[in-house]
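Asks: The sequence shown begins at 6 in the numbering used here and counts up one residue at a time.
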Amino acid sequence: MQNENLDFLKNNLKYLGFGDQANERLQKEIASGKESFNIELVTKPKSPELKDDQSVKYDLAFAKSKTSDNYYLNSYTAKLQGTDIKEAKEQNFTVHNGNGVTAKEAFNLISGRAINKDITNNSNEKFNAWIKLNNAEDGGHDKKYYNKNYGFDLEKVVDALGVKFNENFTKDSVLKSLEKGNLQAVIVEKNNSAEQIYIAANPQFKKLDIYDKDLKPVYVKNESIKSSLNPWEGGQPKENKTGLSR
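#1: State whether the stretch 59 to 74 contacts the stretch 127 to 136, with contact taken as three or more CB pairs (one from each stretch) at a distance under 8 Å.
#2: DSSP puts alanine 68 in a beta bridge; with which residues?
#3: What are the boundary residues of the beta strand (DSSP E) that includes aspartate 57?
#4: Are glutamate 110 and lysine 185 close, meaning C-beta to C-beta below 8 Å?
#5: Check for me: the alpha helix (DSSP H) holding lysine 109 runs from which residue to which?
#6: Since lysine 195 sits in a beta bridge, which residues does DSSP pair it with?
#7: Can you grab the Cα-Cα spacing for the pair asparagine 140 / lysine 15, in whole Å?
#8: Could you check the C-alpha separation between serine 229 and alanine 165 for me, to the nearest Å?
#9: In the structure shown, what three-state DSSP assignment does leucine 85 receive?
#10: For glutamate 200 and aspartate 89, I'd like the C-alpha separation in whole angstroms.
#11: What are the start and end residues of each continuous alpha helix (DSSP H) run of 4 or more residues lying completely inside the stretch 137 to 181, in chain order?
#12: State the DSSP-derived secondary structure class of asparagine 102, mapped to helix, strand or coil.
#13: From leucine 78 to phenylalanine 42, what does the alpha carbon distance come to, in whole angstroms?
#14: How about the stretch 119 to 130 and the stretch 32 to 49: do they share at least three Cβ pairs that are nearer than 8 Å?
#15: Helix, strand or coil: which one does DSSP assign to alanine 36?
#16: Mapping the DSSP letters down to three states, classify lysine 212 as helix, strand or coil.
#17: Name the residue from Phe67, Lys84, Leu159, Val193 whose alpha carbon lies nearest to the alpha carbon of phenylalanine 13.
#18: Whose C-alpha, out of Lys69, Glu40, Gly22, Asn28, is nearest the C-alpha of threonine 48?
#19: Determine the contact status of leucine 46 and leucine 65, defining contact as a CB-CB distance below 8 Å.
#20: With a cut-off of 8 Å on the beta carbons, I'd call leucine 220 and tyrosine 203 a contact; round off their distance for me.
#21: Alpha carbon to alpha carbon, how far is lysine 195 from aspartate 217? Give it in angstroms, no decimals.
#22: For phenylalanine 210, which option in Tyr81, Tyr150, Lys176 has the closest C-alpha, if you only look at C-alpha atoms?
Structure follows, in structure tokens:
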């Protein structure tokens, strides 16, 4: 039974994006029979904005069931650490039966971006929504949800941007990446030449956040994204009339 529980937890960690680096420690902790334990992992997610000395520390909280000897991963805390981090970027995420926000999605959330997720509420009803963290009064974060009725159409705003796709770089792959909260590199046409920019989904304002190749924000008009790419000319954007936020 203990081996089955260990395999179950290993699969949980793999599904959540933690790989196998906690497996040896996990086996020892389960064998000890203690009521609860924590395992810390430090990883460096692949993302263009992360500096060399920046990483994410994950604190995984395990506990024994009250009705059996099985252990479960109940939650984990993700914290961005390193230099030039001006404010605490930390959040606790609940895990239910191995399902929850993945390690990479957690990094994207504490970095200020939104993710798209299938969610089960307290009434066991399933729905899909965008999730974004907002600063709470206690210094932590609360979660904001934007479901399909809110009206954000990711494919529509990506189409309006005029991204260049091909058989090795499909629109579907870009949409899935943005839904995970990634800062996605894409190629668009500017002044009759191809240029790389970075984009991220911003469901709150029903648009894309856009950055140049140096990750500096590019301000465009919501009502005509494609035609407003010309504000890049001269290296200075035109007046921002939409309050586009990072």
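Cβ atoms here follow ideal geometry from the backbone N, Cα and C, with glycine treated the same way.
Quantities reported herein were computed from a predicted structural model and do not represent experimental measurements.
Replies: By the coordinates alone:
#1: Judged by Cβ distances under 8 Å, the stretch 59 to 74 makes no contact with the stretch 127 to 136, as fewer than three pairs qualify.
#2: According to DSSP, which records beta bridges pairwise, alanine 68 is partnered with Ser41, Tyr77.
#3: No beta strand (DSSP E) contains aspartate 57, which DSSP labels as neither H nor E.
#4: When the beta-carbon positions are compared, glutamate 110 and lysine 185 come within less than 8 Å of each other.
#5: Following the DSSP letters along the chain, one finds lysine 109 inside the alpha helix (DSSP H) bounded by residues 108 to 115.
#6: The beta-bridge partner set that DSSP reports for lysine 195 consists of Ser198.
#7: Cα-Cα distance, rounded: 33 Å.
#8: The pLDDT assigned to serine 229 is 42, lower than 50, so where the model puts this residue is not dependable; a value taken from the coordinates is nonetheless given after this. Rounded to the nearest angstrom, the two C-alpha atoms are 8 Å apart.
#9: Three-state DSSP puts leucine 85 in a strand.
#10: Answer to the nearest angstrom: the Cα atoms are 28 Å apart.
#11: Given a length threshold of 4 residues, each whole run of the alpha helix (DSSP H) inside the stretch 137 to 181 is given here in chain order: 159 to 166.
#12: The answer is coil: DSSP assigns asparagine 102 none of H, G, I, E or B.
#13: Pairing leucine 78 with phenylalanine 42, the inter-Cα distance amounts to about 10 Å.
#14: Here the stretch 119 to 130 does not lie against the stretch 32 to 49, with fewer than 3 beta-carbon pairs under 8 Å apart.
#15: Under the three-state reduction of DSSP output, alanine 36 falls in the helix class.
#16: Secondary structure at lysine 212: strand, using DSSP grouped into helix, strand and coil.
#17: Closest option to phenylalanine 13, judged by alpha-carbon separation, among Phe67, Lys84, Leu159, Val193: Phe67.
#18: For the residues Lys69, Glu40, Gly22, Asn28, the minimum Cα distance to threonine 48 belongs to Gly22.
#19: Going by beta carbons, leucine 46 and leucine 65 fall inside the 8 Å limit.
#20: With a contact defined as Cβ atoms closer than 8 Å, leucine 220 and tyrosine 203 qualify at about 6 Å.
#21: For aspartate 217 and lysine 195, the distance between alpha carbons rounds to 12 Å.
#22: The option with the nearest alpha carbon to phenylalanine 210 is Tyr150.
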